[in-house]
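Working notes, beginning with the structure itself.
There are 2 protein chains.
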Amino acid sequence: MKAYSEMSKEELKAELDGLEKEYEKYLAMNLHLDMSRGKPCKEQLDISMGMMDVLNSKVDLRCEDGTDCRNYGCLDGIPEAKQLMGDMMENHPDNIIIYGNSSLNVMYDTVARAMTHGIMGNTPWCRLDKVKFLCPVPGYDRHFAITEYFGIEMIPVPMSPEGPDMDMVEKLVAEDDAIKGIWCVPKYSNPQGYSYSDATVRRFARLKPKATDFRIFWDNAYGIHHLYDDDQDYLVEILAECKRAGNPDIVYKFASTSKITFPGSGIAALATSLNNLEDIKKQLKNQTIGHDKVNQLRHVRFFKDIHGMTEHMKKHADIIRPKFEMVEQMLEEGLSGLGIGEWTKPKGGYFISFDSLEGCAKEIVGKAKKAGVVMTGAGATWPYGKDPKDSNIRIAPTLPPVNELKTATELFVLCVKLVSAQKLLEG
Amino acid sequence: MKAYSEMSKEELKAELDGLEKEYEKYLAMNLHLDMSRGKPCKEQLDISMGMMDVLNSKVDLRCEDGTDCRNYGCLDGIPEAKQLMGDMMENHPDNIIIYGNSSLNVMYDTVARAMTHGIMGNTPWCRLDKVKFLCPVPGYDRHFAITEYFGIEMIPVPMSPEGPDMDMVEKLVAEDDAIKGIWCVPKYSNPQGYSYSDATVRRFARLKPKATDFRIFWDNAYGIHHLYDDDQDYLVEILAECKRAGNPDIVYKFASTSKITFPGSGIAALATSLNNLEDIKKQLKNQTIGHDKVNQLRHVRFFKDIHGMTEHMKKHADIIRPKFEMVEQMLEEGLSGLGIGEWTKPKGGYFISFDSLEGCAKEIVGKAKKAGVVMTGAGATWPYGKDPKDSNIRIAPTLPPVNELKTATELFVLCVKLVSAQKLLEG
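From first to last, the protein sequence lines are chains A and B.
Mapping to my numbering: the first sequence position 412 is 412, numbers consecutive.
In short: position in the second sequence from 1, add 1000, done, that's my numbering.
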């Protein structure tokens, strides 16, 4: 098919007429489909049901070191949970704190602590006139929500398939000591599914920020969330690289089992330098006596070790890979050559990123919503919800059953074509 | 036996010689006993083991409203958990947020939020020159640790068997708008086991603080933790009383199942007015997608309803009541009439509060420790760990097995006598 931009006004008008008729059909279908969030589907949850059986009233709930997991204590996690999460995160167990059910909560608390108490003896951020964060875009809306909530100014930094624009990152952090952090989803990024290149990680580890309390917020949310067993992205391990670069304290690394076992009932972890850990524990001991050790034990008994977890992740991949491939194929078949959109083809993670013509994203998402398909709000992938080009749309293919996903994607493709044709006719 | 104060110097010297010889015997026993913290004992944990069986891989993990508890969502808790905790806290489920595993964490977060964002539109506390909290004494060390961590000035308010000195509380909060809160453990208080009288609760509900963002931090940690089925303290429900008094937003009420099921693996809850809830949820949605719903479901399925929980609490009482009674009897037998100490006889909660002669508490606890019995540090029940009279000691009888508790209490009585005799000889 011809690119829309090469069509005559008449051709485009005829195309639009056809699209509008088709759209009417979808309106009549009264759909209620959800492609908005990175939620696992029912089949993915089912593969972790065995975790509900590993602990029962006959099982000894003491962990390796003899601690009764049913009682108070153990601020930073039971040894075997540190081992498992350490293996998953590629960090030494000594560098790890096991938290509660949400790594987002850990990130929030990390920013909150810096606001009220500062990082390693530095001035609390709440006492500074200005605090800024770098935000690779498109990025994760819940990261941006945390920094916005704390009144932290967010500076967008463009993403490429190699990661954030490191020339810009290096320059900005070296110049401006109000810049205290950067949000990163380094592997299978949200929403593009890009993994930072070795060179990018190297440059992160070698940053020379003007602010001594600058930290990289390294949210390795999809570290083992591959779609393909034989074609995986590998990421240079950031803590080790920072240590080698003489910059050991510059990074906080976050992960959780939310998309491994049950979102909301998993375990979260932070990995960082011993200096940072000491700083954090001074606060943490005032916040809690300890996190849920029984759930830590449940996870360890279920997976046994990192090999068990790796095998488990293959089951997830088998369930969601066909969904990603179907969406990509439908985008290819429906939009290829039309010059009205581009999209990513990730090898892991939870999202496909779609870029429409400028000024079309909000309308595309709006049209899909009107016909009963909820997508992530256009703009959500940018700080303050403001995508300056109004072009980025996050597609979350994991939750809907295949047949629903098919319908939703058909409608999405239709909406892209419809809104693009209108735009070009107006323009 | 004669009161120590009525003994002649020679009598006291003879007494001390005997005590010192006895103390030598304990030193030789090489004890390792712990009466320091309010931790349930193994038998108490065992009665909740059935909770490990109610969920398994064959069980439907959807809650009442159809939500799959295994997936993301539900910021404020599943309906049946709100119902159960509402019945436990004597509040409407609509007034409740279910949190994670620790009410201490909820209290910490509540203070942290007030620091960075203020309460209901008021100035964030971190922007104020001075923030103060009233601290009924003796009180709970972990409360004081939170306010100390945030640099909040703590003002001790004396406790009586009726609760805090309300004349003082009313006067201070009316005069000083830097006073933003008060820490309360209103029922079976920590450490005295006192329950606030009806008049005290009434006066709390009718406070007229100068600061519009003053809040009562009502930590009802032992709301259903009775030692006797037929002799319980009843507390006027504070939210309802505040509403009746035209003061609906003045209180945050906290509770958890930490000492009902498993400490560290229970569920926590906050009850407060709808205005406060709205204020809190604005923050909470940035902090987490939701707490552990599977664990909420586990608790509900285990207890079924508040009657199940009430029956469960009787089992706890049956286990720990003999420990309280034994300690009280031993204190009575060992110290009564000597005029060197007074102690409380609570009908619930986790502690007995002991007051020694002035200037003796630190040394008593030190002597016990030297002989291998760890008590809560003397001073811990006061802000900044500073008991001006150096007399209050918190006794936590629940954790040790009865035989160990017996030995530990014998030693404690001995140390009280020994240090008191020394003190009186010096004085």
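All residues carry an ideal CB built from backbone N, CA and C; glycine is no exception.
Sequence-distant residues of its chain with Cβ nearer than 7 Å to residue i (five each side left out)
| i | result |
| --- | --- |
| residue 1290/B | 1072, 1073, 1074, 1075 |
| residue 168/A | 157 |
| residue 266/A | 101, 256, 257, 258, 260 |
| residue 241/A | 201, 202, 205 |
Own chain partners of residue i with C-beta closer than 6 Å, once the 5 adjacent residues on each side are dropped
| i | result |
| --- | --- |
| residue 1389/B | 1358 |
| residue 118/A | 124 |
| residue 382/A | 137 |
| residue 362/A | 378, 390 |
Where residue i sits in the DSSP three-state scheme
| i | result |
| --- | --- |
| residue 1125/B | helix |
| residue 135/A | strand |
| residue 1387/B | coil |
| residue 428/A | Lying before the first or after the last residue shown, residue 428/A is absent from chain A, which here runs from 1 to 427. |
| residue 1103/B | helix |
| residue 184/A | strand |
| residue 281/A | helix |
| residue 1209/B | coil |
| residue 1270/B | strand |
| residue 255/A | strand |
| residue 321/A | helix |
| residue 236/A | coil |
| residue 190/A | coil |
| residue 1053/B | coil |
| residue 1093/B | helix |
| residue 349/A | coil |
| residue 1226/B | strand |
| residue 62/A | strand |
| residue 297/A | helix |
| residue 76/A | coil |
Nearest-angstrom beta carbon gap, residue j and residue i [assumed within contact, 8 Å]
| i | j | result |
| --- | --- | --- |
| residue 1255/B | residue 1221/B | 7 Å |
| residue 1431/B | residue 1417/B | Coverage of chain B is limited to positions 1001 through 1427, which leaves residue 1431/B absent and any answer about it impossible. |
| residue 1428/B | residue 100/A | The displayed coordinates of chain B run from 1001 to 1427. Any statement about residue 1428/B would go beyond what the structure contains. |
| residue 1159/B | residue 1138/B | 7 Å |
| residue 245/A | residue 210/A | Contact flag wrong, Cβ pair sits at about 17 Å. |
| residue 1239/B | residue 1271/B | 6 Å |
| residue 376/A | residue 48/A | Not confirmed; about 25 Å, so no contact. |
| residue 1411/B | residue 1149/B | So it is not a contact: roughly 34 Å between Cβ atoms. |
| residue 338/A | residue 1/A | 6 Å |
Residue i to residue j span [Cα, whole Å]
| i | j | result |
| --- | --- | --- |
| residue 334/A | residue 5/A | 16 Å |
| residue 347/A | residue 83/A | 27 Å |
| residue 1350/B | residue 1041/B | 11 Å |
| residue 1087/B | residue 1420/B | 47 Å |
| residue 961/B | residue 1183/B | Because chain B here runs from 1001 to 1427, residue 961/B falls outside it and cannot be looked at. |
| residue 177/A | residue 187/A | 27 Å |
| residue 302/A | residue 1229/B | 41 Å |
| residue 63/A | residue 1226/B | 31 Å |
| residue 216/A | residue 251/A | 5 Å |
| residue 23/A | residue 364/A | 12 Å |
| residue 399/A | residue 45/A | 11 Å |
| residue 1013/B | residue 1368/B | 21 Å |
| residue 294/A | residue 1085/B | 21 Å |
| residue 1373/B | residue 278/A | 29 Å |
Under 8 Å between C-beta atoms of residue i and residue j
| i | j | result |
| --- | --- | --- |
| residue 1078/B | residue 1235/B | no |
| residue 405/A | residue 327/A | yes |
| residue 52/A | residue 1056/B | yes |
| residue 353/A | residue 394/A | yes |
| residue 97/A | residue 319/A | no |
| residue 288/A | residue 1105/B | yes |
| residue 34/A | residue 143/A | no |
| residue 1122/B | residue 1213/B | yes |
| residue 438/A | residue 396/A | No statement about residue 438/A is possible, as the shown extent of chain A runs from 1 to 427 and does not include it. |
| residue 30/A | residue 274/A | no |
| residue 1413/B | residue 1323/B | no |
| residue 111/A | residue 146/A | yes |
Residue-chain proximity (residue i, chain E), Cβ-Cβ < 8 Å
| i | result |
| --- | --- |
| residue 1068/B | The chain labelled as chain E is not found among the protein chains of the depicted structure, namely A and B. |
Residues near residue i in its chain [Cβ-Cβ closer than 8 Å; skip 5 each side]
| i | result |
| --- | --- |
| residue 263/A | 39, 40 |
| residue 1224/B | 1088, 1260, 1309, 1310, 1313 |
| residue 1162/B | 1194, 1196, 1197, 1199, 1200 |
| residue 132/A | 152, 153, 154, 155, 176, 178, 179, 180 |
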